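As structure tokens, the structure follows; a few thoughts come after it.
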Amino acid sequence: MHKLAKIFEGWNGYQTSLLHAVTPLTTEQLSWRPAPDRRSVGELIRHMSLGRITWFSRIGVPGIDVIAHRVPRWHTDGDGAQHAVEESVLCDQAVVLAEWLTLSWQPIQRMLDEWNVDDLFQTYPHRFRGVDYEISRQWTVWRIMSHDMHHGGQLAMMLAMQGVDASN
């Protein structure tokens with residue numbers, strides 16, 4: 001049986017690209033937002049990291065508990081789902097954001113190294129807007145990988161709009 005690292009080969013390279021893009025950013029570049037009602041660059045990066053932690057804490061990814069305990073504040077919504085409170089983490093310092101990207105990646109790397117395809121078929125209960133669902137781990141892994149790609153594209157565009165070359 002193949003480990004997930006073989007199936008999802010390349011995701012770790014994307015993580016490395018995100019870190020290379022974030023690490024050199026200044027406070028001014030991290031505070032930039034394309035419109036007043038949109039996330040800043042730093043808020044976007046923080047959202048990516050804490051989204052990983054929020055969703056992967058729901059499916060028991062190896063090592064997630066240690067990382068989840070590092071999140072300063074959690075909120076439980078009306079459906080009983082827990083969410084990392086994004087505003088509880090700084091978003092205007094590249095070193096802090098790179099640390100959260102790294103922290104949120106550690107359980108993903110363990111999952112890729114330790115889980116095989118059969119592990120993706122396990123389900124967990126999740127209530128959303130008053131409706132109960134049985135969600136597969138596969139759905140959650142896909143959701144976070146696509147979340148990374150979607151917001152990584154936004155990040156690249158936001159940096160390009162500032163004249164920052166993040167292609168390294």
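Residue 168 is where the sequence shown ends in our numbering, and the numbering goes up by one at each step.
Using N, Cα and C, we set each Cβ at its ideal position, and we do this for glycine too.
Every value quoted in this text rests on a predicted model; they were computed, and no experiment measured them.
For residue i, the three-state DSSP class (helix, strand or coil)
{"i": "Ala84", "result": "strand"}
{"i": "Glu99", "result": "helix"}
{"i": "Ser31", "result": "helix"}
{"i": "Ile45", "result": "helix"}
{"i": "Ile135", "result": "strand"}
{"i": "Phe128", "result": "strand"}
{"i": "His75", "result": "strand"}
{"i": "Thr54", "result": "helix"}
Cα-Cα separation, residue i to residue j
{"i": "Trp32", "j": "Val41", "result": "6 Å"}
{"i": "Trp115", "j": "Phe8", "result": "11 Å"}
{"i": "Glu99", "j": "Ala156", "result": "19 Å"}
{"i": "Gly80", "j": "Arg127", "result": "7 Å"}
{"i": "Glu87", "j": "Glu43", "result": "9 Å"}
{"i": "Ile135", "j": "Pro125", "result": "6 Å"}
{"i": "Ile64", "j": "Leu50", "result": "12 Å"}
{"i": "Thr102", "j": "Gly152", "result": "15 Å"}
{"i": "Phe121", "j": "Arg137", "result": "6 Å"}
{"i": "Thr23", "j": "Gln93", "result": "9 Å"}
{"i": "Asp77", "j": "Tyr133", "result": "16 Å"}
{"i": "Arg58", "j": "Leu112", "result": "16 Å"}
{"i": "Thr27", "j": "Thr16", "result": "21 Å"}
{"i": "Ser167", "j": "Arg129", "result": "40 Å"}
{"i": "Pro36", "j": "Leu19", "result": "26 Å"}
{"i": "Leu97", "j": "Gly60", "result": "24 Å"}
{"i": "Ala21", "j": "His150", "result": "15 Å"}
Residue i beta carbon near the ligand ADP (any heavy atom closer than 8 Å)
{"i": "Glu114", "result": "This structure does not include the ligand ADP; it has no bound ligands of any sort."}
Assigned exposure category for residue i - 16 Cβ within 10 Å defines buried
{"i": "Arg38", "result": "exposed"}
{"i": "Val95", "result": "exposed"}
{"i": "Arg46", "result": "buried"}
{"i": "Arg143", "result": "exposed"}
{"i": "Ala160", "result": "exposed"}
{"i": "Ser104", "result": "buried"}
Supposed close pair residue i, residue j - CB separation, criterion 8 Å
{"i": "Val71", "j": "Ile53", "result": "6 Å"}
{"i": "Thr140", "j": "Trp55", "result": "5 Å"}
{"i": "His2", "j": "Val117", "result": "6 Å"}
{"i": "Val164", "j": "Gln29", "result": "6 Å"}
{"i": "Asp148", "j": "Met48", "result": "6 Å"}
{"i": "Met158", "j": "Pro62", "result": "Contact flag wrong, Cβ pair sits at about 32 Å."}
Meets three-Cβ-pair contact criterion under 8 Å: the region 101-112 and the region 8-25: yes
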